[in-house]
Structure formats: structure tokens, C-alpha cells
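Novice: Going by UniProt numbering, the sequence shown wraps up at 365, each residue one higher than the last.
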Amino acid sequence: MEPVPEEARGVDDDEGELDCLTHMIGALLLQKDPENPENADPKEPIWSGELEWEDAQILDQPKTLHTLQCKICSMIKEGQPEINTENWPNKLKTQLIPKTVLGKIGEQFLKDARMVIFRSSQEEVLNSLITAMSSGFAGCIHFSSNPNCNIKALILIYSHDHQALVGFIPNNEDSFSERLQEILQGAKRKPGVNTQTPKQPQPAEPPPEEEDAIINELLWTGTLNWSTQANSEEPSISHKLECSVYIAIKNGDPGISAEDWPTDMNMILMPSIYLGQFAGEFIKDSKLIILRSTPGEEHDSLASSMTAGSCGCARFSSEVVCKVIMLLYSPTRNAFLGFIPKDQPMFVKRMREVLDEYRQKARNE
Numbered sequence: 001m002e003p004v005p006e007e008a009r010g011v012d013d014d015e016g017e018l019d020c021l022t023h024m025i026g027a028l029l030l031q032k033d034p035e036n037p038e039n040a041d042p043k044e045p046i047w048s049g050e051l052e053w054e055d056a057q058i059l060d061q062p063k064t065l066h067t068l069q070c071k072i073c074s075m076i077k078e079g080q081p082e083i084n085t086e087n088w089p090n091k092l093k094t095q096l097i098p099k100t101v102l103g104k105i106g107e108q109f110l111k112d113a114r115m116v117i118f119r120s121s122q123e124e125v126l127n128s129l130i131t132a133m134s135s136g137f138a139g140c141i142h143f144s145s146n147p148n149c150n151i152k153a154l155i156l157i158y159s160h161d162h163q164a165l166v167g168f169i170p171n172n173e174d175s176f177s178e179r180l181q182e183i184l185q186g187a188k189r190k191p192g193v194n195t196q197t198p199k200q201p202q203p204a205e206p207p208p209e210e211e212d213a214i215i216n217e218l219l220w221t222g223t224l225n226w227s228t229q230a231n232s233e234e235p236s237i238s239h240k241l242e243c244s245v246y247i248a249i250k251n252g253d254p255g256i257s258a259e260d261w262p263t264d265m266n267m268i269l270m271p272s273i274y275l276g277q278f279a280g281e282f283i284k285d286s287k288l289i290i291l292r293s294t295p296g297e298e299h300d301s302l303a304s305s306m307t308a309g310s311c312g313c314a315r316f317s318s319e320v321v322c323k324v325i326m327l328l329y330s331p332t333r334n335a336f337l338g339f340i341p342k343d344q345p346m347f348v349k350r351m352r353e354v355l356d357e358y359r360q361k362a363r364n365e
């Protein structure tokens, strides 16, 4: 899901610091309860669905989106599950953060927490997550997008001692969320720290101190559909690209919701020169997004079309709050960048005017 600031990514486990932290968290959360022996190893599922995360890599590199089918088991308290998952979404989106961040947050949040266990039979995908967590990362699941959910955040770690994915939900969630945000912002502002991700190059320069922490949050996952046609005499070719849309957020507020977006996003290709005629006045006041997909034939086809001078325009039905998204290709990121104009009605009006002008010129030639 959404990568943390580059400066918060680095881990240094020369002294076994991270293993000690994981052991401490596992010991705190998985203590045996002599009065309730059923809590020694929770087995009763309280939730089932998908756990989704991205590889923890440098922002400019292509990333792989992973999906794990799993179940969550809870402690039993007075004959009832300790956690109520009635309003939880079917898909939990996980952000990988360095485990050193947990150590800075404070042990009091770990001691005063409710615990759940994640279980899955998809060994290959599960091992991918375990590998990431064994190399110095933990997972952070935010529930802020669902106002009906009774929790705000869940921290996920892998406990080697118990061979299990352990999730803990701090009882003092407001203070925990504030402290987590402070740590991430502080890491972004702190210059001169050796924060290199294992086997990854360190960023050349730290960001300016006045910048707020920016996190890319997963906004939408689905299929992008478009068609191409070599010339008017040949039939059009339909294309489909499985992809995900991320949005840069500050202070935990994406400012836009994709809950009403369709799973299939239809896009038309048009000459990017059209966009240049009017888009400048809207770009500064737009929500920026990044669309990522696994490199392949369809990804390369769309990248080639846009490199040759096309841009994409995704239009939505009247039932959707968002009306239009414009997409361009970024060779440096090997991803598609888009913007969602704030004044959507005026943007659509100006786009239609420009298209009508070009159509009129074409008819007059």
C-alpha cells in the first residue's frame, strides 16, 4: 500500500535491534492466559477477506501489488471475540513501515493493546509478506476511510517465536495515531540520517524541512480499458490493464474518495496537444494520482501510445462524483501520472470547447 517517506525507510539491524523488538512485541501480545487457555492460540475466525500490500521499495521503481486471502482470529473475552469486525471492509490495505518506527512510538501502546492472529493457506504469497517483515518492516492498516468502523489502525508484525502474523490494535488509538504521524514527519524532516533501505540506493538529497510527510495511499484497484486503431480502415483493438491508483496525501487526508468508482475504468486516447491548450490553468488546483501496473504487453502498449504523443481521458458516469481523470506517461517512474481537476465541470467544458475547435478545423481542411 502506501510507502512511507524515504527517510523513514532505512533499517540497520547490525546489533539485532529489530529481532529484539519483534520478540518483545510477540511476548507482550502472545502471553498465555492461565484463566482463559483458549487465548493461548486464537483459532475462531472473526473476519475473512483480502490483505493487500506493496513491496517496500524506492518510489521511482516499479512495485508489485500483493493480495493474500486470509482469516483473522481474535482473543475470547467472556465467551465473546474481543474484536468486533462487523463493519470492517472486505479488503485490508497495508502500508509497510520500518519496525524501528514502532520502537520510537513507545512500549506503552504495545502493552495496552488487543491482539489478533492472521492466518492464510496461500503459502507463496504469505512467505512474500513474511520475507518483507523479516527484513525490517511491519504493516500498518488504516481504517480511517470507513466512518462506521470502530477502530482506526492495526499494526501487523511477524513473530518468529510463534510463527504467526500478529496484529495489535492499541486501545488508545488517538494518541497512537498522533504519535505515528509525528514519527513519520520527524523522519522526513531529519537531514543527514543513514536511512538506506537494504540493498537499495540512498536518496541523493533529503526533502526540505518545511515539507509535510507525504504518503501515497492506495485509492482504487481495477481494470483500465481503452482501444487503439492504426488507421480508419483497420478495426480497433481493445486493451485491458490491471492496475492500481495511488494518491499523495498529507496529514492522513486524501481529499477524494473512490468508493463509487467502477471496477472497470474506460479511457479514450487523444493527442496530448489538445491537453496543452487548456490544462495549465487547472493543473495547479488538481489532485495528483499515480497509476501503477505490472510491466507487460498492455502496459508497454499504453506507454508507447503516450510516449508517441497521446494522453488518456477517463470519463465517469453521472452517478460518480469524480467526472474525469487525465493520464500521462512518466518514463522515469515507468508509471502513469494523472490529475483530477478540482473544478471538474469547468474542466470538462473547456475540454469540449477545445475538441470542438479541432474537429471544426479538421472539417474545414
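No residue lacks a Cβ here, since even glycine has one placed at the ideal position from N, Cα and C.
Thinking R114 and C73 are a contact (beta carbons under 8 Å), I'd like their distance in whole angstroms, please.
Specialist: So it is not a contact: roughly 12 Å between Cβ atoms.
Novice: G309 and M326: beta carbons closer than 9 Å?
Specialist: no
Novice: Using alpha carbons as the reference points, say which of Q95, W47, W53, Q122 lies closest to E86.
Specialist: W47
Novice: Name the residue from G338, I290, L224 whose alpha carbon lies nearest to the alpha carbon of L275.
Specialist: G338
Novice: For the ligand ADP, I want to know if S244 counts as a neighbour, meaning its beta carbon is within less than 8 Å of at least one of the ligand's heavy atoms.
Specialist: With respect to small molecules bound, the structure shown includes none, and the ligand ADP cannot be examined in it.
Novice: Please confirm if the segment 337-353 is in contact with the segment 301-308, defined as three or more CB-CB distances below 8 Å between the two stretches.
Specialist: no
Novice: I'd like to check one pair, T94 with L126: are the Cβ atoms closer than 9 Å?
Specialist: Not closer than 9 Å, so no.
Novice: Tell me the start and end of each unbroken beta strand (DSSP E) in the UniProt domain "Mediator complex subunit Med25 PTOV" (216-360) that is at least 3 residues and wholly inside, in chain order.
Specialist: Listed in chain order, the complete beta strand (DSSP E) runs (minimum 3 residues) inside the UniProt domain "Mediator complex subunit Med25 PTOV" (216-360) are 237-250, 264-271, 286-292, 310-315, 324-330, 335-341.
Novice: I need the straight-line Cα distance from V245 to M270, nearest angstrom please.
Specialist: Computed Cα separation, rounded: 21 Å.
Novice: Per DSSP, what are the beta-bridge partners of V125 in this structure?
Specialist: V125 is not bridged to any residue.
Novice: Taking only three categories from DSSP, how would you classify M115?
Specialist: strand
Novice: Identify the continuous beta strand (DSSP E) that holds S159 and give its terminal residues.
Specialist: 153-159
Novice: What residue range is occupied by the uninterrupted beta strand (DSSP E) comprising G167?
Specialist: 164-170
Novice: Using only the alpha-carbon positions, how far apart do W88 and F282 sit?
Specialist: 36 Å
Novice: Is the separation between the beta-carbon of V166 and that of V116 shorter than 9 Å?
Specialist: Cβ atoms of V166 and V116: closer than 9 Å.
Novice: For residue 367 versus N172, is the C-beta distance shorter than 9 Å?
Specialist: Only positions 1 to 365 of the chain appear in this structure, which leaves residue 367 out of reach.
Novice: Determine which residues share a DSSP beta bridge with K91 and list them.
Specialist: Per DSSP, the beta bridge partners of K91 are E50.
Novice: Give the C-beta separation of L180 and F137 to the nearest angstrom, bearing in mind that I take them to be a contact with Cβ-Cβ under 8 Å.
Specialist: The pair is not a contact, with the Cβ atoms about 14 Å apart (cut-off 8 Å).
Novice: Whole angstroms are fine: how far does the CA of P295 sit from the CA of E217?
Specialist: 21 Å
Novice: Whole angstroms is fine: what's the gap from P81's alpha carbon to M75's?
Specialist: 6 Å
Novice: Counting only the same chain and skipping the five closest in sequence on each side, list residues whose C-beta sits under 7 Å from that of S286.
Specialist: These residues qualify, in order along the chain: F339, I340, P341, K342.
Novice: Any idea if S293 is buried or exposed, counting beta-carbon neighbours within 10 angstroms, 16 or more meaning buried?
Specialist: buried
Novice: Under 9 Å between the Cβ atoms of S135 and H66?
Specialist: no
Novice: For P147, list the residues DSSP reports as bridge partners.
Specialist: Answer is none; P147 lacks a bridge partner.
Novice: Per DSSP, what kind of secondary structure is I83 in: helix, strand or coil?
Specialist: coil
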